[in-house]
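**Student:** Residue numbers (my numbering), protein chains in the order written: chain L, 74 to 502; chain G, 10 to 516. Provided herewith is a single structure, encoded as structure tokens, for subsequent inquiry.
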Amino acid sequence: MALAQLKIDTTAARLADVDVPQGAASWGNAARADALARVRQMGLPTKRDEYWKYTDPASLTAADAPEAAVFKSDETPLFDAVDRVKIVFVDGVFDADASDDLQAEGLEIERLSDAMATDIHWAKDIYGVLEARGQKPVERPLATLNTALATDGVVIRVTGKAVKPVNFIYLHNDPSSDAILHNVVKVEAGAEMTLLETGPAAARFSKLLEVDVADGGKFNHVRAQGRDHERRAVTHCFARIGAESTFKSFTLTFNGVLTRNECVLEIVGDDAVAHVAGVCVGDGKDFHHDDTVFITHDALNGESRQVFKKVLRNGATGVFQGKILVKEGAQKTDGYQISQSLLLDDDSQFLAKPELEIYADDVACSHGSTSGAIDETALFYLRSRGVPHDEARNLLTLSFLAEALAEIEDEALADDLRDRLEGWLARHR
Amino acid sequence: MTALDTVEVKEGVDQETVDAVKELSGNYKYGWETEIEMDYAPKGVNTDIVRLISSKNKEPEWMTDWRLSAFARWEKMDEPTWAMVNYPDIDFQDIYYYARPKSMEEKPKSLDEVDPKLLATYEKLGIPLKEQMILAGVEGAEDAPAEGRKVAVDAVFDSVSVGTTFQKELEKAGVIFCSISEAIEKHPELVKKYLGTVVPPSDNFYATLNSAVFSDGSFVYIPPGVRCPMELSTYFRINAENTGQFERTLIIADKGSYVSYLEGCTAPKRDTAQLHAAVVEIIVEEDAEVKYSTVQNWYPGDEDGNGGIYNFVTKRADCRGDRSKVMWTQVETGSAVTWKYPSCILRGDDSQGEFYSIAIANNMQQADTGTKMIHLGKNTKSRIVSKGISAGKAQNTYRGLVSMHPKATKSRNYTQCDSLLIGDKCGAHTVPYIEVKNNSSRVEHEATTSKVDDDQLFYCRSRGMDEEEAVALVVNGFCKEVLQALPMEFAMEAQALVAISLEGSVG
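Here it is, written out as structure tokens:
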């Protein structure tokens with residue numbers, strides 16, 4: 074128990090001079106103060122925590138963000154051809170000039186600070202609420218810290234079928250920036266939206282997204298986390314998923330020094346669908362990518378899928394911690410989970426903990442996890458057909474990633490991401 | 010079975026079946042007690058008790074010191090809490106750490122001198138301590154091949170070994186099979202060389218406690234190149250009340266040798282829980298092979314979770330030599346709480362580890378069991394097949410680790426763990442850890458959870474089977490992969506056990 078106390082004391086010292094941002098209405102202040110108190114109680118994570126067994130959170134919890142060089146690319150930005158509502162953040166600060174008007178059919182978009190300054194606001198029932206629900210049975214103090222300290226963000230209410238996707242564009246211009254963003258999305262009954270997220274954001278980035286999908290709603294999420302940037306990021310997504318609604322999220326990660334993506338989904342209505350998928354490609358000893366997923370089934374006839382694929386080379390590390398929890402009474406649940414890694418050389422490593430926890434008897438849940446090198450026989454076959462070695466290897470790598478990429482519904486978006494992947498593979502030989 | 014009282018009876022199951030099932034359940038057939046005069050050490054554990062156990066076993070000083078240093082370490086340790094099991098706090102000072110039948114004060118020189126009451130106990134358990142051709146009490150064993158199968162038995166009763174059969178015949182082959190206390194006395198050089206080298210005294214809370222207070226257990230040494238002429242087995246019986254059983258098993262398979270070892274265990278029905286914390290260490294040298302099979306049938310407690318054995322066991326095999334091989338097979342049906350992870354350290358190149366497990370938890374039972382496959386040598390292989398069955402309000406967890414170290418190139422693991430749930434009040438969980446640190450190795454993990462397949466049940470029923478028979482058949486099919494890995498004698502017993510534990514679980 075001495076260890077637990079030590080953790081709390083260290084956290085108290087680390088947060089001693091930390092104050093929550095001001096200017097919110099009473100509900101916003103209360104939510105932030107409550108979150109700060111909760112973090113103090115939980116303590117910030119350390120590598121000794123079971124949930125951080127495979128990822129060292131030290132650089133995410135340190136007082137100062139480690140520097141990250143600004144990466145300039147002449148590549149056309151992702152999703153440039155897509156007709157969308159652009160919302161731009163530069164080093165974690167909303168940039169009104171670079172952003173489009175916060176208006177679109179079927180969407181009500183506000184800056185978080187404006188929403189929080191309003192006495193009566195729908196976001197009150199979601200901000201920090203879904204995050205707090207997601208703290209059991211595993212504590213996620215970094216998410217709570219985000220709720221307490223987030224300096225910017227956007228709240229979106231989806232009232233109908235949104236015609237255009239919303240694109241959060243995170244630009245990184247300052248090598249020592251430390252950004253904390255908190256976004257809230259409420260999908261009303263029967264409403265639909267697509268959210269795109271692109272860019273590295275900051276040298277260190279903490280981002281939290283809370284999504285409440287009401288009955289019959291549909292939320293689609295596609296994200297790309299930068300390109301060859303040195304950034305560190307911890308992101309959380311907490312979603313509550315209502316009856317007959319759909320939640321789909323896909324993430325593509327290229328490099329980055331440290332990435333921890335936590336996705337905490339709770340299916341509370343019958344006949345709901347939740348899919349979460351990810352592809353990560355990492356090169357180099359200082360690459361560490363961690364996907365941590367927790368899906369709770371608390372309703373009948375739910376369907377969930379987790380599809381995660383990682384390609385690792387030159388000493389890169391990939392982590393997957395996934396869990397399907399089927400609560401008592403959540404009968405007819407169909408849960409599927411697959412985590413696979415392709416290790417392109419002998420130095421890279423894959424660490425996985427794919428868990429099932431099941432309290433209902435009429436369910437079908439399966440999980441699979443594999444790790445291995447590229448199939449030499451397939452490589453030999455392609456080479457014997459005249460395909461050059463590197464090209465053959467990339468072809469096999471892309472086919473390995475196909476199952477995860479297939480999770481992206483919109484083909485134009487999927488094609489754009491596939492092109493970027495091919496570009497990455499061509500650059501990293 | 011209270012679990013059944015609250016379970017909604019599904020369509021197609023008639024009340025008669027449910028009633029029949031209620032009568033059948035809770036029918037633990039080894040729940041009787043042997044009335045025999047016992048010698049106890051005072052309750053609780055401290056350095057005096059550790060010294061007392063050591064002196065009762067007439068141990069040399071180095072052994073006493075070994076125990077005392079383990080005890081000093083244990084006092085500073087905390088009980089682990091990470092397993093998915095809940096049980097009231099154990100008062101480690103409210104347990105007898107040593108209980109011996111009075112008649113065993115002087116060790117009997119041969120089986121003929123053993124207290125007839127003890128012999129009768131084992132006779133009743135179906136493990137007669139006679140040197141006969143086949144392990145009796147196992148249905149179908151009479152059909153064994155004409156040349157017969159011999160099984161040597163070491164029988165452990167509470168804290169002491171009461172006798173070991175076929176010792177002379179084994180000696181002729183050079184095999185040493187005796188109680189560990191006898192081994193410490195007669196073969197100290199072997200014990201000193203190997204004891205604690207696989208499960209060090211600092212390993213974990215229960216293993217450290219065991220290192221301090223183990224009272225007896227079995228010792229096996231198979232010399233180089235010897236194929237053990239018969240199967241060896243140890244039968245553990247807890248009889249005395251409020252007594253913990255702490256046995257230690259040490260198996261050494263020297264270069265090129267082979268042995269198949271069986272373990273069985275039972276205990277009387279009591280309202281209070283009893284602790285069993287064993288350590289099994291296996292050393293497998295070059296080209297040697299060890300098969301270790303367990304049918305664990307400790308008293309599971311009643312349907313409300315009163316009583317039963319807390320089975321906190323550390324089992325580990327160290328495949329030290331190249332091309333060595335170890336195979337763990339376990340059928341876990343008993344115990345109120347199980348905490349057990351028979352593991353393989355695959356140190357030698359081309360060494361191989363296998364783990365086959367069926368864990369059945371009914372009523373209020375909780376099982377958290379699995380394995381660790383630690384690949385250190387090149388070209389090492391491991392296979393894990395685990396089947397968990399939960400019924401009533403039981404919780405069954407598979408917890409395992411597959412670790413491929415950077416130097417364990419071209420290694421291979423295949424893991425399959427399936428869970429079956431019978432009833433909507435139980436739980437099945439899977440917690441695998443997979444750590445791959447080189448790319449020429451392949452690791453595959455698969456797990457599924459399902460209920461008894463309706464189509465399969467319907468098919469069986471349409472062929473005239475009643476519901477219960479049909480479930481037993483489907484479940485036996487589900488467990489077949491594991492059962493096939495058991496030695497013949499155990500496979501029969503295990504198949505019957507699978508049926509027993511599931512009776513009454515339909516619906």
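Even glycine gets a Cβ: it sits at the ideal position worked out from N, Cα and C.
#1: Which residues of the segment 426-458 of chain L have a Cβ closer than 8 Å to any Cβ of chain G? Give them in chain order.
#2: First and last residue of the beta strand (DSSP E) that includes cysteine 328(G)?
#3: Just to make sure I have the definition right: I need the residues of chain G whose C-beta is within less than 8 Å of the C-beta of leucine 468(L). Which are they?
#4: When burial is assigned at 16 or more other CB atoms within 10 Å of the CB, is tyrosine 454(L) buried or exposed?
#5: Between Asn219(L), Gly289(L) and Asp344(L), which has its C-alpha nearest leucine 282(L)'s C-alpha?
#6: List the endpoints of the continuous alpha helix (DSSP H) containing valine 112(L).
#7: Counting contacts by CB-CB distance shorter than 8 Å, is serine 449(G) in contact with chain L?
#8: Given aspartate 489(L), which residues of its chain have a CB within under 7 Å of its CB, disregarding the five upstream and five downstream residues?
#9: Return the chain-ordered list of same chain residues with a C-beta closer than 6 Å to the C-beta of glycine 234(G), the five sequence neighbours on each side being excluded.
#10: Going by C-alpha to C-alpha distance, which of Ser472(L), Val227(L), Val236(L) and Glu265(L) sits closest to leucine 254(L)?
#11: Just the Cα atoms here: how many angstroms apart are arginine 408(G) and phenylalanine 473(L)?
#12: CA-CA distance, glutamate 495(L) and aspartate 463(L)?
#13: With 8 Å set as the bound, which would you pick, yes or no: does the beta-carbon of glutamine 114(L) sit closer than that to a beta-carbon of chain G?
#14: Which residues in chain L sit within 7 Å of tyrosine 442(G), going by Cβ to Cβ distance?
#15: Where do the N-terminal and C-terminal ends of the beta strand (DSSP E) with glutamate 444(G) fall, by residue?
#16: Counting along the chain, where does the beta strand (DSSP E) carrying phenylalanine 245(G) start and finish?
#17: By DSSP's criteria, arginine 408(G) is part of a beta bridge. Which residues make up the other side?
#18: Applying a beta-carbon distance threshold of less than 9 Å, which residues of chain C neighbour glutamate 453(G)?
#19: Where asparagine 334(L) and valine 231(L) are concerned, what is the direct C-alpha to C-alpha distance, given to the nearest angstrom?
#20: Kindly indicate which residue of Glu115(G), Pro97(G), Ile45(G) and Ser428(G) has the alpha-carbon position closest to the one of glycine 314(G).
#21: Report all residues from its chain with a CB closer than 7 Å to the CB of alanine 167(L); omit the five preceding and five following residues, and keep chain order.
#22: Starting from phenylalanine 423(L), find everything on chain G with Cβ-Cβ shorter than 7 Å and list it in chain order.
#23: Can you confirm whether glutamine 374(G), when its beta carbon is compared against all beta carbons of chain L, has any partner nearer than 8 Å?
#24: Compare the C-beta of histidine 438(G) against all C-beta atoms of chain L and say whether one is closer than 8 Å.
#25: Which stretch, first to last residue, makes up the alpha helix (DSSP H) that contains methionine 189(L)?
#26: Check whether the Cβ atoms of methionine 382(G) and alanine 403(G) lie closer than 8 Å to each other.
#27: Return no unless some Cβ of chain L is closer than 8 Å to the Cβ of glycine 432(G).
#28: At which residues does the alpha helix (DSSP H) containing tyrosine 267(G) begin and terminate?
#29: From this set, Lys396(L), Asp174(L), Ala154(L) and Glu148(L), which residue's C-alpha is nearest isoleucine 160(L)'s C-alpha?
#30: Can you give me the C-alpha to C-alpha distance between tyrosine 230(G) and serine 302(G), rounded to a whole angstrom?
#31: For serine 146(L), which residues from the same chain have a beta carbon less than 7 Å from its beta carbon, with the 5 sequence-adjacent residues on both sides left out?
#32: Please report whether the beta-carbon of threonine 73(G) lies at a distance below 8 Å from any beta-carbon of chain L.
#33: Looking at C-alpha atoms only, which residue of Gly343(G), Val299(G), Phe214(G) and Cys274(G) is the closest neighbour of aspartate 87(G)?
#34: At the 8 Å Cβ level, is leucine 490(L) part of the contact set with chain G, yes or no?
#35: Taking 8 Å as the cut-off, does the segment 239-249 of chain G touch the segment 206-213 of chain G (at least 3 CB pairs, one atom from each stretch)?
#36: Distance, Cα to Cα, leucine 215(L) vs glycine 272(L)?
**Tutor:** Working from what's here:
#1: Here the close residues are Lys426, Pro427, Glu428, Leu429, Glu430, Ile431, Tyr432, Ala433, Asp434, Asp435, Val436, Ala437, Cys438, Ser439, His440, Gly441, Ser442, Thr443, Ser444, Gly445 and Ala446.
#2: The continuous beta strand (DSSP E) containing cysteine 328(G) extends over residues 317-328.
#3: Simply none; closest approach about 18 Å.
#4: exposed
#5: Asn219(L)
#6: Valine 112(L) -> alpha helix (DSSP H) spans 99-115.
#7: yes
#8: Leu151 and Phe152
#9: Gly265
#10: Val227(L)
#11: 28 Å
#12: 12 Å
#13: no
#14: Lys426
#15: 436-445
#16: 240-246
#17: Val440(G)
#18: Looking at the structure shown, chain C is missing, and the protein chains on hand are L and G.
#19: 24 Å
#20: Pro97(G)
#21: A quick correction: the sequence has phenylalanine, not alanine, at residue 167(L). So the qualifying residues of the chain are Arg184 and Asp225.
#22: Val445
#23: Not closer than 8 Å to any Cβ of chain L, the Cβ of glutamine 374(G) fails to qualify, so no.
#24: Taking Cβ atoms only, chain L reaches closer than 8 Å to histidine 438(G), which makes this a yes.
#25: 185-190
#26: no
#27: Yes, its Cβ sits closer than 8 Å to a Cβ of chain L.
#28: Looking at the DSSP string, tyrosine 267(G) is not in any alpha helix (DSSP H); the run it does join, the beta strand (DSSP E), is 267-275.
#29: Asp174(L)
#30: 17 Å
#31: Arg300
#32: no
#33: Phe214(G)
#34: No, no contact with chain G.
#35: The segment 206-213 of chain G vs the segment 239-249 of chain G: no contact.
#36: 21 Å
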